[in-house]
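In my numbering, the protein residues as written are -15 to 380. Even for Gly, the Cβ is constructed at its ideal location relative to N, Cα and C.
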Ligand code: AMP
């Protein structure tokens, strides 16, 4: 896989698609710069190899309209600080003025283009627009894993205008290498924990993973659809009644493929969906009417512990419960801690595609797992076994 470290860019303009879609406060200040920080090694490698980066991104959802609220100028200063170089801002992402600016870049300068989503042509995947964007670079680098599942002009369509002069940035390369490591792992047992709210949103992930696993832990709200399908009483817990048959089908397929399924045996139940709710613990198949399971119970965690500690590869997607409420965070927190312990024993662990990433960050565990994915939706589609247009465009 070709990345920015393998190319000499001497004196060339390198057009890099990054994901600077950072959260902004009411005062338009960056509240979390993780995504900017993530691309710094890519941009530094381009400069170290003699290249002049021309950076393009989307920010927010301007829906094809120029809107100062979504200007990349909000990112300019932070980028300059992190890169320790001068960052020029173009007032557009296409056009002769922008192209000229890219050609006049000096060493130790970079150009930041204005929001590509100020044009509807970006999300439409318009090839004329992509061609105009392409005039701003001699090479094309894609480092925006978060949008790799979209066939947009700047993330996929543009690649055709660069022949062999294109490659992955370091963020993209790391995502691909790490997810592939899990999907093709021979370090067994391989365990996936799939949690979160709904079965419907994780169905394709479950089906694709079944061929690759020894253990599948079904957790969070989606577990109750499985428990109800097996005849359990789940009270007012989250259930998707349209998916009861599908749940049974997944359990049967798992059995045929020799995958051990782990469903929660007990849950911490709430009288209402609130952090201040009254609580009680019960078996997951006999939750009283009026109560809803909002977290994994203590027995469930005890049973999972040896499975996770013996695993050599772990993929974690989706929380064990409503971890946003401190009353119901224990299951997610405990599983994060056990995965961290397993990682210390040599297990390769990856967290991604959903709220489990927010959870490991919230509990300060991000440094204690092997890899945390940055792209939620893109990671989910990758785990579903789909071909991502942003990856495909570079490889072709
Ligand atoms: P997802 O985006 O599918 O990974 O779902 C994450 C969301 O699922 C989080 O916001 C959790 O609060 C929610 N969740 C996890 N467990 C439950 C549960 N038992 N009941 C309701 N929501 C849950």
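Boundaries of the beta strand (DSSP E) in which residue i is found, first to last residue
| i | result |
| --- | --- |
| residue 43 | Premise fails: residue 43 is in no beta strand (DSSP E) and is neither H nor E. |
| residue 124 | 123 to 126 |
| residue 276 | 276 to 280 |
| residue 261 | Residue 261 -> no beta strand (DSSP E), and no H or E assigned at all. |
| residue 93 | 93 to 96 |
| residue 70 | 70 to 73 |
| residue 0 | -3 to 1 |
CB of residue i within 8 Å of CB of residue j, strictly
| i | j | result |
| --- | --- | --- |
| residue 83 | residue 119 | yes |
| residue 293 | residue 329 | yes |
| residue 91 | residue 70 | no |
| residue 155 | residue 95 | no |
| residue 35 | residue -4 | yes |
| residue 132 | residue 359 | yes |
| residue -9 | residue 33 | yes |
| residue 378 | residue 143 | yes |
| residue 258 | residue 295 | no |
| residue 141 | residue 114 | yes |
| residue 243 | residue 288 | no |
| residue 166 | residue 224 | no |
| residue 252 | residue 202 | no |
| residue 150 | residue 195 | no |
Extent of the continuous alpha helix (DSSP H) run through residue i
| i | result |
| --- | --- |
| residue 210 | 207 to 213 |
| residue 315 | 314 to 328 |
| residue 113 | 111 to 118 |
| residue 26 | 18 to 32 |
| residue 155 | 154 to 167 |
| residue 58 | 57 to 67 |
| residue 364 | 360 to 367 |
| residue 201 | No alpha helix (DSSP H) contains residue 201, which is instead part of the beta strand (DSSP E) from 199 to 202. |
Distance cut-off 7 Å: residue i Cβ against heavy atoms of the ligand AMP
| i | result |
| --- | --- |
| residue 158 | no |
| residue 113 | no |
| residue 365 | no |
| residue 182 | yes |
| residue 222 | yes |
| residue 344 | no |
| residue 303 | yes |
| residue 306 | yes |
| residue 205 | yes |
| residue 185 | yes |
| residue 339 | yes |
| residue 288 | no |
| residue 277 | yes |
| residue 179 | yes |
Anticipated Cβ contact below 8 Å, residue i with residue j, distance rounded
| i | j | result |
| --- | --- | --- |
| residue 171 | residue 297 | 5 Å |
| residue 266 | residue 279 | That belief does not hold up - the Cβ atoms of residue 266 and residue 279 are roughly 12 Å apart, past 8 Å. |
| residue 181 | residue 205 | 5 Å |
| residue 17 | residue 62 | 6 Å |
| residue 161 | residue 367 | Not a contact, Cβ separation roughly 15 Å. |
Residue closest to residue i, alpha-carbon to alpha-carbon, out of the options
| i | options | result |
| --- | --- | --- |
| residue 271 | 316, 103, 208 | 208 |
| residue 340 | 319, 329, 327 | 319 |
| residue 2 | 365, 24, 323, 123 | 24 |
| residue 238 | 217, 175, 58 | 175 |
| residue 79 | 215, 100, 59, 143 | 100 |
| residue 10 | 53, 105, 159 | 53 |
| residue 256 | 242, 219, 281, 291 | 219 |
| residue 12 | -2, 44, 151, 19 | 44 |
| residue 66 | 354, 194, 102, 28 | 28 |
| residue 301 | 275, 371, 333, 221 | 333 |
| residue 221 | 64, 240, 269, 195 | 269 |
| residue 108 | 130, 291, 134 | 134 |
| residue 22 | 371, 105, 370, 355 | 355 |
| residue 129 | 168, 263, 138, 122 | 138 |
| residue 282 | 299, 313, 308 | 313 |
| residue 20 | 59, 42, -7 | 59 |
Proximity test, Cβ basis, 8 Å: residue i and chain C
| i | result |
| --- | --- |
| residue 53 | The question asks about chain C, but that chain is absent: this structure has only one protein chain. |
Residue i Cβ short of 7 Å to the ligand ZN heavy atom set
| i | result |
| --- | --- |
| residue 119 | Of the ligands this structure carries, namely the ligand AMP, none is the ligand ZN. |
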